[in-house]
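All remarks here apply to the structure that follows.
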Ligand code: GLU
Ligand code: MG
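Right, dumping it as structure tokens:
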């Protein structure tokens, strides 16, 4: 992936590649390409180009205002220096990830990076930030792999508005029967798009489903999260269904998580397995995980970025509301997955559970890797693992295990981010300022609103 400077030779090379891609797309009846990026509030924004304009877009980009960085989930614009109507950016498609959209015939998609008109990386580009953070990890000799889990609720039109499309029990085969054609069309579409789906199942909440995919390089995993959600939505639309990926869809209720799995390897060996530490962790895996664990309050400003996120992030909701870790503990914010005996070297990873899909997946990858890198620098160590639901422990026991409840509102998470140096340094001053302004604008906008009002305002946004 390009993260340096776009010079003329580079642009010519991109134009030539785009030309041959466009020929292939024309043969597949593709008429247009959707170039997407994800904004600070986690909304996927798009500019489409007809196929005839793809070559120019690949070389010179498509215009986009920097004001997008200040957008809230409701399209309001936070007052920040970037909310300035002058200036322009260029969206450049990643030519290695052009995918024909199976449920939107005639459309292809490519994730885009945002560059300045001078050919420099835009400091607010989340995808380029994620790529630079992966480069920092590579400089330390480490390669990360990650995967986002996607949870969503499916609705159909009822007499009083949208109602759950499936009525069967949690994890029940009944639900798969009820939405059989939808499910299989979705899996076919994702297979056609080259997405390596590992599992699809009905989840806990009414009409909720989950899909997990194979691990990839972190930026590719974030791209896949964008593609998978667009495909889930598009297949649903073809079945007359609507979907919600919002953190909270009912109060009370279990929400939609956006758990992120992460593993690291050095010289081809997974450092989360085969070590002498607890559950086979190497010191490196432990330090990396410790760097994330201690920064979770600040990371929530990235990974649980909506007021609605805190309606989901509740104890005993499998959302990981406590900062602690444990092997296969679904109530720990950091769940260590070792895999079965014999497959640890390929399976072992950590799952960060407290995050949701209002998060910009690129910012989340960047934040988690930056926190892990800081943990490596600090030679961090993990406290005792927790093997129970922390909500069920006494205050004394939680104190002994150093288990803390994560922030319960967005403003507290934003304040934690502001003083977390490893994250603000990685994100840079401009993106840090923008992120904080967007979070605080959302917290202010929702001050005093009820859970039901917050859910109504956010259900269909991501
Ligand atoms: N829906 C839960 C959440 O909000 C997660 C359920 C699970 O463990 O997969 O994160
Ligand atoms: Mg789940």
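Numbering (the working numbering), first residue to last: 36 to 497.
For every residue, glycine included, the Cβ atom is placed at its ideal position computed from N, Cα and C.
Which residue marks the beginning of the beta strand (DSSP E) containing residue i, and which one marks its end?
i	result
residue 187	185 to 193
residue 83	79 to 85
residue 140	It is not in any beta strand (DSSP E) - residue 140 carries neither H nor E in the DSSP assignment.
residue 128	124 to 128
residue 41	First-last for residue 41: undefined, no H or E at that position.
residue 196	196 to 199
residue 98	97 to 99
Shorter than 7 Å, the distance from the beta carbon of residue i to the closest heavy atom of the ligand MG, or not?
i	result
residue 198	no
residue 363	no
residue 238	yes
residue 290	no
residue 3	The structure shown does not extend to residue 3, since the chain is modelled only from 36 to 497, so the question has no answer here.
residue 386	no
residue 419	no
residue 186	yes
Where does residue i fall in DSSP's three states?
i	result
residue 238	coil
residue 150	strand
residue 177	strand
residue 168	helix
residue 353	coil
residue 476	helix
residue 314	helix
residue 107	coil
residue 375	coil
residue 429	coil
residue 120	coil
residue 484	coil
residue 292	strand
residue 232	strand
residue 360	strand
residue 436	coil
residue 343	coil
Any heavy atom of the ligand GLU closer than 7 Å to the Cβ of residue i?
i	result
residue 354	yes
residue 366	no
residue 347	yes
residue 157	no
residue 294	yes
residue 319	no
Can you tell me whether residue i sits near the ligand FMN, meaning its C-beta is under 7 Å from at least one heavy atom of the ligand?
i	result
residue 477	Absent from the structure shown: the ligand FMN. Ligands present: the ligand GLU and the ligand MG.
In the DSSP assignment, the alpha helix (DSSP H) including residue i goes from what residue to what residue?
i	result
residue 382	379 to 382
residue 306	Careful: residue 306 lies outside any alpha helix (DSSP H) and carries neither H nor E.
residue 213	208 to 213
Can you give the beta carbon distance from residue i to residue j, rounded, assuming they're within the 8 Å contact cut?
i	j	result
residue 477	residue 203	At roughly 35 Å, the Cβ-Cβ gap does not stay under 8 Å, so residue 477 and residue 203 are not in contact.
residue 159	residue 465	6 Å
residue 230	residue 259	6 Å
residue 397	residue 173	That belief does not hold up - the Cβ atoms of residue 397 and residue 173 are roughly 17 Å apart, past 8 Å.
residue 274	residue 216	7 Å
Using 8 Å as the cut-off, can you tell me whether the region 378 to 390 makes contact with the region 295 to 308, which would need three or more C-beta pairs spanning the two stretches below that distance? Look at the beta carbons and you see the region 378 to 390 touching the region 295 to 308: at least three pairs across the two are nearer than 8 Å.
Does the region 313 to 333 come close enough to the region 239 to 250 to have 3 or more Cβ pairs within less than 8 Å? With the cut-off at 8 Å, the region 313 to 333 and the region 239 to 250 do not touch.
Examine the Cβ distances between the region 451 to 462 and the region 399 to 414 and report whether three or more of them are shorter than 8 Å. The count of Cβ pairs closer than 8 Å, one atom from the region 451 to 462 and one from the region 399 to 414, reaches three, so the stretches are in contact.
Does the region 281 to 288 come into contact with the region 472 to 490, if we say contact requires no fewer than three beta-carbon pairs (one atom in each stretch) closer than 8 Å? By the C-beta criterion, the region 281 to 288 is judged to be in contact with the region 472 to 490, since at least 3 inter-stretch pairs fall below 8 Å.
Count the CB pairs spanning the region 139 to 156 and the region 60 to 70 that are closer than 8 Å, and state whether there are at least three. The region 139 to 156, when compared against the region 60 to 70, does touch it at the 8 Å Cβ threshold.
So, do the region 432 to 441 and the region 314 to 328 have three or more beta carbon pairs nearer to each other than 8 Å? The answer is no - the region 314 to 328 does not touch the region 432 to 441, with fewer than three Cβ pairs under 8 Å.
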